[in-house]
Every structure is written in structure tokens, then in C-alpha cells.
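In the working numbering, the protein residues as written are 69 to 398.
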């Protein structure tokens, strides 16, 4: 776009040590110059820029070569070829040079008064810097994966709150970034399907097959996340895809392991958790009595002859009463 902006200006100026040209249209990734759609776009762009150059009295032939052949020239060559008007080392000298010069605008001829003009620079503010950063395909991809991790962690550990909040924020920002990019719906679906497979691994005994399927689905989804056409493509670095897939898969495998471990762990709370615990009799059983287990007092019954201070073991729970037996001691 630099060539187009320059030739359309009322005054085209370059600084020493710069160059201009190489205006061939390209996509956001690799571009196939043999594709007919690319040729059509190139010819249209060349004609469009040529018409601007002719209107501004610049070298239309060179502009066309810059588009079709990606020709590039220095500032001196640009001045000699009538592509630009002046060469200036800095803005101050440019303001002095343009002072009292006349330009034609829609309302007619205007004489510039730039000698003592104040220069106001408009730089990209923080908001646009952030938007520019998250629109990077790699950043958008990482945000998407972080969001999915956070949501998954929240569902597998209800009440954690923070992972769910961060996951939601990351997902929303990722979707905002992805709408600026040529995403492939199949890639998104494969990534979501991989999360589904990881969740199934917790519920279904597949001996790791669902986990392997989840990893493969996530890898394929990551590779297919962005659309690829002959004229334009957006690619994620293979190293990034492999790294993120490996780290994400490792997280899911760890989460699955912890979930399965929790599900298979012996219950240690409530009525069921007290079965098998050892306590001490508080009084003589006739056949009911009272026992103390882990500092708690329970009503109990037993068919054994149990005296005060005898060790007992819980074998069952009947409503709020424990069924115990005398625990043999050496």
C-alpha cells in the first residue's frame, strides 16, 4: 500500500537511504502467483495504481512494473523517474520546502503555509496496540487453547472460579481475534471434539484410546484452524502447534488422571467413610454402647462381648448407629 499512498499524495517525498516499490498484492500468508485469481487481482491493482499515477502526473509505467514485477527503486531513482517530487532529510526541512506551494483540492487551489506549522504525531494508543497483538494468528490460537483449558478445569473442579473466569475471558478475546482472521470451521470443531474426547475418558474406560483420539483431533484441528486458498493463507508455525498441543494434551492427561484417582479413591467422609475405621469402646456393651472414633462419639451395637476401653472396628452403619466388632489386639 505504500506505493499507492505515495503516488496519490499531493507531494511525494522520500528521505535519503529509503526505497519504494514491490507493490505486488499478497495475502496474509503464502501466495501462489500462478493462480488465475491472483493474476486478476494483480492486473486490477496495476490498472488502479496506473490511473492514480496518470492523474497525479507521475510515471505510470514504473508504477505498473512495481505492481506486476515487484520492481523497487531508491529515492534518487524515484526522483529521476518522476515517481516522487522531492528528497528531504527530515520533517523540518520538508515544511520549509512546501511553504507557499500550491495544491489543488476539491474546493480549488490552496497555498500551503507550513513554515511555522506545528507537527502533531498520532501514534498507536494502547487499545490499538492490544488489538493489533491479539489479531496475530499465533496469539489468537494460544488464547483459544488457554480459554478451553480454563473452562475444562472449572468444569472438572467446580468452585475453583478463577480458572473459569480467566478461561471465559481468554475465549471471548480469542473469538474476537478469530473473527478478524480466515478461520476454518472444521478446525474449530476438531479442537472442540478433542475436548469432548478428553471428558469422555473420565467417564468411559477406553484404556487410553479416547485420550489418543483427543490428541490427534487437537493436532489436526490446530493445523486446519485457518483457511488456506491458492491466493491467501494464514499458517501457524508447526513448532507452535506441536508445542501447544503437547502442553495442552499433557494438562488434560494430568487432569484425567487426577479425576480418575479421585473417583476411585476410598470414601473417607460420611457414613460410608467410617466403615473399616478402628475406635475405642466408651462403656460396656449390653449389646448397645458408645464408641469414640477420630474424636467423635457414636452410638454403636455389637454381637460381641465388648467392655469399656476395648478396641472395636466398624463393619456397618445402620441409620445413625454403628455396627462394630471387637478388634483383636496382640
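Here a beta-carbon is modelled for each residue, glycine too, at the ideal position from N, C-alpha and C. Only a predicted model underlies this, so the values are computations on that prediction, with no experimental measurement involved.
- Under the three-state reduction of DSSP output, residue 304 falls in the coil class, being neither helix nor strand.
- Distances from the alpha-carbon of residue 372 to those of 366, 385, 357 put 357 closest.
- Residue 164 sits exposed, since fewer than 16 C-beta atoms from the chains shown fall within 10 Å of its C-beta.
- Residue 346 places its beta carbon 9 Å or farther from that of residue 390.
- Using a Cβ distance threshold of 9 Å, residue 74 and residue 178 do not count as a contacting pair.
- Taking residue 155 as the centre and dropping the five residues before and after it, the same chain places the C-beta of 81, 82, 83, 84, 143, 144, 147 closer than 8 Å to its C-beta, in chain order.
- When the beta-carbon positions are compared, residue 392 and residue 376 stay at least 9 Å from each other.
- Across the structure, residue 149 and residue 173 are spaced so that their CA atoms are roughly 25 Å apart.
- If you draw a straight line from the Cα of residue 213 to the Cα of residue 271, it is about 23 Å long.
- The three-state reading of DSSP puts residue 364 in strand, counting E and B together.
- Beyond the five residues adjoining it in sequence on each side, residue 304 comes within less than 8 Å, by CB distance, of 205, 206, 209, 290, 291, 293, 294 in the same chain, given in chain order.
- Judged by DSSP secondary structure, residue 391 falls within the beta strand (DSSP E) whose first and last residues are 389-394.
- Using a C-beta cut-off of 8 Å, the segment 108-122 makes contact with the segment 130-144, since at least three inter-stretch Cβ pairs fall below that distance.
- The residue among 169, 159, 380 with its C-alpha nearest the C-alpha of residue 189 is 159.
- With distances taken between CA atoms, residue 70 lies nearest to 89 out of 79, 78, 89.
- For residue 286, the secondary structure class from DSSP, reduced to helix, strand or coil, is helix.
- Judged by DSSP secondary structure, residue 350 falls outside any beta strand (DSSP E); it is assigned neither H nor E.
- Taking C-alpha positions only, residue 370 is separated from residue 362 by approximately 19 Å.
- A residue is called buried once 16 or more other Cβ atoms fall within 10 Å of its Cβ, and residue 128 is buried on that count.
- The continuous beta strand (DSSP E) containing residue 170 extends over residues 170-173.
- Counting C-beta atoms within 10 angstroms of its own C-beta, residue 307 has fewer than 16 neighbours from the protein chains shown and is therefore classed as exposed.
- Going by C-alpha positions, residue 170 is about 14 Å away from residue 153.
- Residue 255 and residue 116 have their C-alpha atoms some 37 Å from each other.
- Per DSSP, residue 371 lies in no beta strand (DSSP E) and is assigned neither H nor E.
- The C-alpha of residue 181 lies about 12 Å from the C-alpha of residue 162.
- In the three-state reduction of the DSSP assignment, residue 109 falls in the helix class.
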